[in-house]
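Residue numbers (mature numbering (1 follows the signal peptide of the UniProt record, and there is no 0)): -22 to -1, 1 to 303.
By construction, the Cβ of each residue, glycine as well, lies at the ideal position given by its N, Cα and C atoms.
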Amino acid sequence: MKPFLKIKPLLLLGFISTLLVACGDNNETNNQSQKLETKFVTIVTGGASGPYSILGTTLGQIYTKTYDVNSKAQSTAASIQNLNLIHQGKAEVGFAMSDVLSQAMTGSDAFPKPLDNVAQIAVLYPNYVQIVTSKKSGIKTMDDLKGRRVSVGDLNSGAELNSRTLLNGHGITYDDLKVDFLAYTEAVDALKGGRLDAAILTSGLPNASILELEQGFDLQLVEIRKPMVDQITQDQDYFISGEIPAGTYNNLEAVPTAVIVNALVVRKDLSDADVYQLTKTFFENLSTLSNAHQAAKDISLENAQNGLIAPLHPGAKQYYDEQQR
């Protein structure tokens, strides 16, 4: 048997150095190949404590690190404002609820005309309508909200639109309530201070503001029963019935409610190459996003095209087509 080849230490050191330089060149080439055409990736989100903001901030950090671009999350009044900003070219990527996105595509309700510079990257996780009150308020059903001080979300936000739709579906109008238009953190502060009887929040689970609220607050979640959701769905088909699982907050049992799916949207006029890279990086970093907020655990490549509302951006389609080969 032939002896092993002996390599002199200096020769070995030179070989390793050459190998490291070669690897460095390859890494630099890989980084260069991942450059984006756009210099900015502004991600429009929602209130500071909500899942949109938490996930958007994390995604911005990922894009900045991956592509060496200026990518950051921008707090907004959420869905309606996000879609308008993207349509106007003032943001590149954003989050929106599917009901608001549907209206933006058709030019109805909050949108005087269709937004034609908005495309979709993916269907995301479900948003749960969470009606929060205190046990001593005596509010147990939607009808019990009549005559009470209720926050329905920021004025003209997607959350406020959902609140109005669900209330109307129960035969309740704003005239039947003492309405406040508050962001989540403001609503929680008002509940703590006794200035509100209830607040309607729509977000992924859990909502950070509600988690904060239940510390020292006798929290109760109000049911939205399945028959009523099914009835509302006949006209508003983006609602589905669901449950807030037991233990999400201090609830010992699951609470029936209405659910709306979220969407990740993008400027339609961004290049196919850029949107391909943004889509690819988004799905390759789902574990990081899930660590940031558990709502992202419900995002999957398998369901990303189920229930699309806006046109799928060609760059995103290219990525999905590759994954199916």
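Burial state of residue i, where buried means 16 or more other Cβ atoms lie within 10 Å
{"i": "K13", "result": "exposed"}
{"i": "N60", "result": "buried"}
{"i": "T36", "result": "buried"}
{"i": "P184", "result": "buried"}
{"i": "V(-2)", "result": "Low local confidence applies: a pLDDT of 35 at V(-2) is under 50, so the model's placement there is unreliable, and no value is given."}
{"i": "R245", "result": "buried"}
{"i": "Q255", "result": "buried"}
Separation of residue j from residue i, as counted between CA atoms
{"i": "residue 328", "j": "Q108", "result": "No answer is possible for residue 328: the residues shown for the chain start at -22 and end at 303."}
{"i": "G285", "j": "A100", "result": "9 angstroms"}
{"i": "A270", "j": "Q301", "result": "25 angstroms"}
{"i": "L230", "j": "H291", "result": "42 angstroms"}
{"i": "V22", "j": "L242", "result": "10 angstroms"}
{"i": "L199", "j": "L144", "result": "16 angstroms"}
{"i": "A288", "j": "Q98", "result": "5 angstroms"}
{"i": "S31", "j": "G182", "result": "11 angstroms"}
{"i": "N134", "j": "K204", "result": "26 angstroms"}
{"i": "T235", "j": "E15", "result": "43 angstroms"}
{"i": "P29", "j": "D87", "result": "25 angstroms"}
{"i": "G116", "j": "A69", "result": "44 angstroms"}
{"i": "A251", "j": "G293", "result": "6 angstroms"}
{"i": "V128", "j": "D94", "result": "35 angstroms"}
{"i": "D153", "j": "G125", "result": "9 angstroms"}
Residue i in three-state terms, based on DSSP
{"i": "Y297", "result": "helix"}
{"i": "A82", "result": "helix"}
{"i": "K258", "result": "helix"}
{"i": "Q302", "result": "coil"}
Start-to-end residues for the alpha helix (DSSP H) that takes in residue i
{"i": "G136", "result": "136 to 147"}
{"i": "N60", "result": "57 to 65"}
{"i": "N269", "result": "264 to 270"}
{"i": "M75", "result": "Taken as a continuous stretch (DSSP letters only), M75 belongs to no alpha helix (DSSP H), being part of the beta strand (DSSP E) at 71 to 75."}
{"i": "V166", "result": "162 to 170"}
{"i": "S187", "result": "186 to 191"}
Extent of the continuous beta strand (DSSP E) run through residue i
{"i": "L102", "result": "96 to 112"}
{"i": "T36", "result": "No beta strand (DSSP E) contains T36, which is instead part of the alpha helix (DSSP H) from 29 to 45."}
Give a yes or no on contact between the region 154 to 163 and the region 76 to 86, applying the rule of three or more CB pairs nearer than 8 angstroms. The region 76 to 86 and the region 154 to 163 do not touch, with fewer than three beta-carbon pairs separated by less than 8 angstroms.
Between the region 262 to 279 and the region 46 to 63, do three or more beta carbon pairs fall short of 8 angstroms?
no
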